[in-house]
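FYI, this note's numbering numbers position 91 of the sequence shown as 101, with every residue one higher than the one before it.
Backbone N, C-alpha and C define an ideal beta-carbon position, used for all residues, glycine too.
Beneath this line is the structure, given in structure tokens, with notes to follow.
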Amino acid sequence: MRLSRYFLPTLKENPTEAQIVSHRLMLRSGMIRQSSAGIYSWLPIGLRVLKKIEQIVREEQNAMECQEVLMPTIQPAELWRQSDRYDDYGPEMLRITDRHGREMLYGPTNEEQITEIFANSIRSYRDLPQMFYHIQWKFRDEIRPRFGVMRGREFLMKDAYSFDLNAQSARKSYNKFFVSYLKTYAKLGLTAIPMAADTGPIGGDMSHEFLILADTGESEIACHKNYLEMDLSGQNINYVDDLQSEVDRCTAEYAASDEKRDKAVEKDLGDDLRIARGIEVGHIFYFGTKYSDKLGATVSGPNGEEITVEMGSYGIGVSRLAGAIIEASHDENGIIWPKEVAPFHVGLINLKVEDHNCQHVCDKTYGNLVRAGTDTLYDDRNLRVGSKFADMDLIGLPWQLIVGPRNLKHGNVELKNRRTGEIEDISLESAMARLTT
Ligand code: ATP
Ligand code: MG
Numbered sequence: 011m012r013l014s015r016y017f018l019p020t021l022k023e024n025p026t027e028a029q030i031v032s033h034r035l036m037l038r039s040g041m042i043r044q045s046s047a048g049i050y051s052w053l054p055i056g057l058r059v060l061k062k063i064e065q066i067v068r069e070e071q072n073a074m075e076c077q078e079v080l081m082p083t084i085q086p087a088e089l090w091r092q093s094d095r096y097d098d099y100g101p102e103m104l105r106i107t108d109r110h111g112r113e114m115l116y117g118p119t120n121e122e123q124i125t126e127i128f129a130n131s132i133r134s135y136r137d138l139p140q141m142f143y144h145i146q147w148k149f150r151d152e153i154r155p156r157f158g159v160m161r162g163r164e165f166l167m168k169d170a171y172s173f174d175l176n177a178q179s180a181r182k183s184y185n186k187f188f189v190s191y192l193k194t195y196a197k198l199g200l201t202a203i204p205m206a207a208d209t210g211p212i213g214g215d216m217s218h219e220f221l222i223l224a225d226t227g228e229s230e231i232a233c234h235k236n237y238l239e240m241d242l243s244g245q246n247i248n249y250v251d252d253l254q255s256e257v258d259r260c261t262a263e264y265a266a267s268d269e270k271r272d273k274a275v276e277k278d279l280g281d282d283l284r285i286a287r288g289i290e291v292g293h294i295f296y297f298g299t300k301y302s303d304k305l306g307a308t309v310s311g312p313n314g315e316e317i318t319v320e321m322g323s324y325g326i327g328v329s330r331l332a333g334a335i336i337e338a339s340h341d342e343n344g345i346i347w348p349k350e351v352a353p354f355h356v357g358l359i360n361l362k363v364e365d366h367n368c369q370h371v372c373d374k375t376y377g378n379l380v381r382a383g384t385d386t387l388y389d390d391r392n393l394r395v396g397s398k399f400a401d402m403d404l405i406g407l408p409w410q411l412i413v414g415p416r417n418l419k420h421g422n423v424e425l426k427n428r429r430t431g432e433i434e435d436i437s438l439e440s441a442m443a444r445l446t447t
């Protein structure tokens, strides 16, 4: 992509409405623009990041053999009356009436919808277990939307649902999601700490939130210091292994956020306790037959008996993750994207657009990078070098390939690593070899 033709409305000044660094940087780097409170448009460079996050989430769901579907954003109120959640959900639910006077709502989540689909089509225990996910926009009329996409009203979520014959099998499904979440966050370049979460009336230990540490996180967390060094990547585990022992390993020490914190346990931990702030990037939940009971999701068992299925639901905040990654990875000059989610891999900077040779080499290099399949943003604008560097640092691509007449005399270019800030003076050939493998 040529920057001279690309819609990248960067801002030099910090927008006053943004209180936290990720919100400031998303606005300044031209990723998003606010439409109304808690509702955003994603501009080209922001959408690239969102799609990459979405794709990593999708691939890991597919890897655990969860099946992708796409349910609507608008749901009938009737469905939520059946589960008794229509009134309970309160003012966070955006309620709509269609032209025929039918009550509808913009879905804040999809338990009812998926349970109805299941109940209408799956009849036999032989068809269990089943797992479905979708990646769809949600609306929650949050009382205090803030921090940009971190707490929006409209936001993108991956939500998944499991259906099992009994509690034992439901736990297996739960553990699969648990491990897949560890893998997903690791692939996004993040470490998320699993913490026991409130389970409501069902009790037990079958709900976990996943939080990444960041000073601007909304939750105050307390955890054993081991979590700061533990391998939480789920890397060497696959979905046929003994997942329970992996879950046990990753939840062996104390970790809790906000209302789940236990002062007595924390006192006992003494010097081993760490207090920090965290961002909730995922939440998994086993809730048994709460929805299947009400919506009639049953199957016939081996002896023809009717069995109400056991369910769980599993959410990842896809759009929140864009902000969370920035909170975890930035410096005073801007964003530092992990390569997995970077909007482009390389920023190619032409230092002197009026110089024929420089222009020629840059055009050719751009062509070669594109042909090699390297996502490249080519700054071919006739601008002050300082602004070009500032923009490139701000948008945080992993590599900058800087081409100027002085170095070119020796066939050299500069290759800058955005994360370390290290700049190497190397031949164009070696730079290309590094960027195209
Ligand atoms: P929170 O405690 O942050 O309000 P929640 O517990 O209500 O979130 P869940 O229903 O567990 O949220 O939703 C699953 C995931 O969706 C959350 O872990 C979070 O990452 C994301 N999410 C929830 N609400 C929002 C929001 N208003 N804006 C952006 N992402 C959100
Ligand atoms: Mg939650």
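By the beta-carbon neighbour count (other beta carbons within 10 angstroms, threshold 16), F17 is exposed.
By the neighbour-count criterion, in which 16 or more other beta carbons inside 10 Å mark a residue as buried, V275 falls on the exposed side.
Under the 10 Å beta carbon count, K22 is surrounded by fewer than 16 other beta carbons and is classified as exposed. With a beta-carbon spacing of about 12 Å, Y171 and Q71 fall beyond the 8 Å limit used to define contacts. Residue state for M11 is assigned as coil, using DSSP reduced to three classes. Note on D108: under 16 other CB atoms within 10 angstroms of its CB, so exposed under the neighbour-count rule. A Cβ-Cβ separation of about 6 Å places A338 in contact with I222 under the 8 Å criterion. Across the structure, H366 and D373 are spaced so that their CA atoms are roughly 11 Å apart.
Looking at the DSSP output, Q410 sits in a beta bridge with G357 and K426. The stretch 77-149 is shown to contain whole alpha helix (DSSP H) runs of 4 or more residues at 87-92, 95-98 and 121-131, in chain order.
Excluding residues up to 5 positions away in sequence, A232 lie with their Cβ nearer than 6 Å to the Cβ of I285 in the same chain. By the C-beta density criterion, E122 is buried, having at least 16 other C-beta atoms within 10 angstroms.
Under the 10 Å beta carbon count, P312 is surrounded by fewer than 16 other beta carbons and is classified as exposed. In this structure, E230 lies near D268, with their beta-carbon atoms less than 8 Å apart.
By the C-beta density criterion, S255 is exposed, having fewer than 16 other C-beta atoms within 10 angstroms. The stretch 179-257 is shown to contain whole beta strand (DSSP E) runs of 3 or more residues at 202-206, 217-223 and 229-234, in chain order. Taken atom to atom, the span from the alpha-carbon of V371 to that of T20 is near 27 Å. Exclusion of M205 from the 7 Å shell around the ligand ATP follows from its C-beta lying no nearer than that to any non-hydrogen atom of the ligand. In the structure shown, D278 falls within a helical segment according to DSSP collapsed to helix, strand and coil. Using a cutoff of 7 Å, the CB of F165 counts as near the ligand ATP, since one of the ligand's heavy atoms is closer than that. Residue burial annotation: K193 is buried, with at least 16 other C-beta atoms found within 10 angstroms of its C-beta. Between C260 and L242 a beta carbon distance of about 6 Å is seen, short of the 8 Å cut, so the two are scored as contacting.
Secondary structure of D389 (DSSP, three-state): strand.
Annotation: I84 to L115 spans about 6 Å, alpha carbon to alpha carbon. Contact check for I359 against K398 passes: the beta carbons are separated by less than 8 Å. At least one heavy atom of the ligand ATP is found less than 7 Å from the C-beta of H293. When C-beta atoms of the stretch 22-42 are compared with those of the stretch 324-340, three or more pairs fall below 8 Å, so the two segments count as touching.
Within a 10 Å sphere around the beta-carbon of S302 sit 16 or more other beta-carbons, which makes this residue buried. Counting only the Cα atoms, Y50 lies some 4 Å from Q44. Distances taken from the Cβ of R156 to the heavy atoms of the ligand ATP include none shorter than 7 Å.
8 Å or more divides the Cβ of L57 from the Cβ of Y388. Considering only S183, D258 and G158, the residue with the shortest C-alpha distance to M205 is D258.
Distances taken from the Cβ of G325 to the heavy atoms of the ligand ATP include one shorter than 7 Å. Where T447 is concerned, there is no enclosing alpha helix (DSSP H), because DSSP gives it neither an H nor an E.
In terms of Cα proximity to F149, the closest of S179, F128, P101 and R133 is P101.
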